[in-house]
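Here the protein sequences line up with chains Z and V, keeping their order.
All residue numbers for the first sequence refer to numbering that gives the first Met the number 0, where the first residue is 0 and numbers rise by one.
All residue numbers for the second sequence refer to numbering that gives the first Met the number 0, where the first residue is 0 and numbers rise by one.
C-beta atoms are modelled at their ideal positions from N, C-alpha and C, and glycine is treated no differently.
These notes concern the structure reproduced below.
2 protein chains.
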Amino acid sequence: MSAEVKAVTTPASPPLTERQEARRRRILHASAQLASRGGFDAVQMREVAEAAGVALGTLYRYFPSKVHLLVATMQDQLQHMHTTLRKRPPGGDEPAARVAETLMRAFRALQREPQLADAMVRALTFADRSVSPEVDTVSRLTTAIILDAMGLEHPPTAEQLSAVRVIEHTWHSALITWLSGRASIAQVKIDIETVCRLIDLTSPEKS
Amino acid sequence: MSAEVKAVTTPASPPLTERQEARRRRILHASAQLASRGGFDAVQMREVAEAAGVALGTLYRYFPSKVHLLVATMQDQLQHMHTTLRKRPPGGDEPAARVAETLMRAFRALQREPQLADAMVRALTFADRSVSPEVDTVSRLTTAIILDAMGLEHPPTAEQLSAVRVIEHTWHSALITWLSGRASIAQVKIDIETVCRLIDLTSPEKS
DNA sequence: GGATAATGTAGAACAAGTTTCAGACTTGAT
DNA sequence: ATCAAGTCTGAAACTTGTTCTACATTATCC
Chain Z
0 MSAEVKAVTT
10 PASPPLTERQ
20 EARRRRILHA
30 SAQLASRGGF
40 DAVQMREVAE
50 AAGVALGTLY
60 RYFPSKVHLL
70 VATMQDQLQH
80 MHTTLRKRPP
90 GGDEPAARVA
100 ETLMRAFRAL
110 QREPQLADAM
120 VRALTFADRS
130 VSPEVDTVSR
140 LTTAIILDAM
150 GLEHPPTAEQ
160 LSAVRVIEHT
170 WHSALITWLS
180 GRASIAQVKI
190 DIETVCRLID
200 LTSPEKS
Chain V
0 MSAEVKAVTT
10 PASPPLTERQ
20 EARRRRILHA
30 SAQLASRGGF
40 DAVQMREVAE
50 AAGVALGTLY
60 RYFPSKVHLL
70 VATMQDQLQH
80 MHTTLRKRPP
90 GGDEPAARVA
100 ETLMRAFRAL
110 QREPQLADAM
120 VRALTFADRS
130 VSPEVDTVSR
140 LTTAIILDAM
150 GLEHPPTAEQ
160 LSAVRVIEHT
170 WHSALITWLS
180 GRASIAQVKI
190 DIETVCRLID
200 LTSPEKS
């Protein structure tokens, strides 16, 4: 089992009371719910507020914009996925195979809720600087998932981290092309497998 | 010089009259102008219409949404860039080096107009299915640029096309992380160089 | 337990993308 | 030259993200 993986969660601002935690949860739930139906456009702030039983102003106090809300929703979902994936680690022999398997597994999970995936990914790539911290958290979570799948003995080298970054890039972008109907699932699979070859290329074991 | 590269331009719907062509041009110019100032948010449809000397309804007849407009603006700019890049082809020995050089050159061009780049790229990744054809055109243009830089003797193999797809993914995504301030230029450079290694990996010459 | 600051509510108001519509202007065919 | 079809204009209306305001509720600290 790999070394690090500290709490990749939130940086814990002022601690929330129980009712506040509950509100936050209701909001995220409503957001995911609406997104699952109609994707990005269906997540309308007034509707989220109503479905969560919260005033519009309150919603904006918790999440300062629609994009913030959806990125937080993504954090939430990724957290789930991370723990789920950990339960059944990938079986391949090579790191590259394991990463590809893990990503395709994640991909199939998203396939089951394509509208939700659409909402989250669109928000993620549309996010501007004001959402950087939150997007960064998502990015760190994704990195953690990939590093986990690699199952390294030692901490990753700089080269390997570069490869992981590129894999993340490919993962996001491939997801987008699939979501907007410009690439088939088969195509995505090929792209993922292609980019995962970089892992072998940067593996120090071969020295 | 590589083989294909047909007109990667527009699929030429009903031909436009001269005045219409002029209007279209004025609109695209206004769009780029406004984008250069304030990025995505500064491209406001009413302002574009006014700056182009055209009624709002007309603007919407030419470009059915803000995203369509900005993606078309990107097509336009990419076209320029393609011809510019062709004038001074990259000098490296290996295809990977040439592609990396070309992309970094393109990158530096975008750096000079970061706001414009922001507007175009945000539109591109935010585009939903209704913009697929236009986004596809942009994608084909990018592919053409990369294949050009590779300077292949023979038509690319399926493997090479996969590599090019992954490079494109990385290029887009890296651009986004840079634009949203989450990655430095040095970081982007490393990512580009890393992904370009895939080219050597898929080169058939080594057989 | 009461003062007070923070948080939440309802609802109006504002901003920018998009739609609509009646009327004026172009264009192309006859 | 004229008529019909298609285009353009100007202005208003509509939608949805976001902000603001006045008031009610809750939390915190003494």
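Residue i versus residue j: straight-line alpha-carbon distance, rounded
i, j, result
"V:GLY90", "Z:GLN32", "53 Å"
"V:ARG207", "Z:ARG25", "An answer regarding residue 207 of chain V cannot be provided, because it is not within the stretch 0 to 206 covered by chain V."
"Z:LYS86", "Z:ASP75", "18 Å"
"V:ARG97", "V:THR136", "23 Å"
"V:TRP170", "V:LEU102", "8 Å"
"Z:LYS205", "V:LEU197", "Because the pLDDT at Z:LYS205 is just 45, under 50, the model does not fix this residue reliably, and the value given afterwards should be weighed accordingly. Answer to the nearest angstrom: the Cα atoms are 18 Å apart."
"V:ARG18", "Z:LEU77", "52 Å"
"Z:LEU105", "Z:MET80", "This sequence places Ala at residue 105 of chain Z; Leu is not what is there. Going by the C-alpha atoms only, they are around 7 Å apart."
"V:HIS67", "V:SER138", "14 Å"
"Z:LEU146", "Z:VAL163", "8 Å"
"Z:CYS195", "Z:VAL134", "23 Å"
"Z:ALA6", "Z:THR124", "Per-residue confidence for Z:ALA6 stands at a pLDDT of 47, beneath the threshold of 50, marking its modelled position as unreliable; no derived number is given."
"Z:SER183", "V:THR142", "18 Å"
"V:PRO155", "Z:PHE62", "48 Å"
"Z:GLU46", "V:LYS188", "43 Å"
"Z:ASP40", "Z:ASP92", "42 Å"
"Z:ILE144", "V:ARG60", "46 Å"
"Z:SER131", "Z:ILE175", "19 Å"
Integer-rounded CB distance, given that residue j should sit under 8 Å from residue i
i, j, result
"Z:SER30", "Z:LEU84", "Z:SER30 to Z:LEU84, Cβ: 23 Å. No contact."
"Z:SER172", "Z:LEU115", "About 19 Å; that fails the 8 Å criterion."
"Z:ASP190", "V:SER161", "7 Å"
"V:THR201", "V:GLU158", "4 Å"
"V:ARG111", "Z:GLY180", "Actually they are not in contact, since the Cβ atoms of V:ARG111 and Z:GLY180 sit about 33 Å apart, beyond 8 Å."
"V:MET119", "V:MET73", "4 Å"
"V:ALA108", "V:GLU192", "Contact doesn't hold; Cβ gap of about 18 Å is too wide."
"Z:PRO88", "Z:MET149", "So it is not a contact: roughly 11 Å between Cβ atoms."
Chain-ordered neighbours of residue i on chain V, where CB pairs are closer than 8 Å
i, result
"Z:ARG196", "LEU197 and LEU200"
Amino acids of chain Z, ordered along the chain, whose beta-carbon sits closer than 9 Å to that of residue i
i, result
"V:THR141", "In chain order: nothing, as chain Z lies at least about 12 Å away."
"V:MET16", "The sequence as given places Thr at residue 16 of chain V; Met does not occur at that position. Per Cβ cutoff of 9 Å: no residues; V:THR16 is ~32 Å from chain Z at best."
Proximal chain Z residues relative to residue i, where beta-carbon distance stays under 7 Å
i, result
"V:ILE189", "SER161"
"V:THR156", "Simply none; closest approach about 12 Å."
Residues that residue i contacts on chain V, provided the C-beta gap is smaller than 9 Å
i, result
"Z:THR72", "Neighbours of Z:THR72 on chain V: none; closest Cβ ~17 Å, over 9 Å."
"Z:ARG135", "Reading off the sequence shown, one finds Asp at residue 135 of chain Z, where the question assumed Arg. In chain order: ARG181."
"Z:THR57", "Neighbours of Z:THR57 on chain V: none; closest Cβ ~26 Å, over 9 Å."
Residue i: CB within 7 Å of a non-hydrogen atom of the ligand FAD
i, result
"Z:THR124", "Ligands displayed in this structure: none; no statement on the ligand FAD is therefore possible."
Jot down the residue ranges of each uninterrupted alpha helix (DSSP H) in the segment 114-167 of chain V, minimum 4 residues, whole runs only, in chain order. The segment 114-167 of chain V is shown to contain whole alpha helix (DSSP H) runs of 4 or more residues at 131-149, in chain order.
If the cut-off is 7 Å on Cβ atoms, which residues from the segment 163-184 of chain V count as contacting chain Z, listed in chain order? Near chain Z, meaning a CB-to-CB distance below 7 Å, the residues of the segment 163-184 of chain V are ARG164, VAL165, HIS168, THR169, HIS171, SER172, ALA173, ILE175, SER179, GLY180 and ARG181.
Chain V contacts made by the segment 110-133 of chain Z, where a contact means CB separation under 7 Å: Taking 7 Å as the Cβ-Cβ cut-off against chain V, the residues of the segment 110-133 of chain Z that qualify are ARG121, THR124, PHE125, ALA126, ASP127, ARG128 and SER131.
Alpha helix (DSSP H) segments (min. 4 residues) lying fully within the segment 33-69 of chain V: Positions of the alpha helix (DSSP H) runs, each at least 4 residues long and wholly inside the segment 33-69 of chain V, are given as 44-51 and 55-61 in order along the chain.
Compile a chain-ordered list of the residues in the segment 82-114 of chain V whose CB is closer than 9 Å to at least one CB of chain Z. Result list empty, no residue passes.
Going residue by residue through the segment 75-121 of chain Z, where are the continuous alpha helix (DSSP H) segments of at least 4 residues, counting only ones entirely within it? Fully enclosed alpha helix (DSSP H) runs of 4 or longer: 94-111.
Which runs of the alpha helix (DSSP H) spanning at least 4 residues fall entirely within the segment 176-203 of chain V, listed in chain order? Contiguous alpha helix (DSSP H) elements confined to the segment 176-203 of chain V occur at 184-200, taking only those with 4 or more residues.
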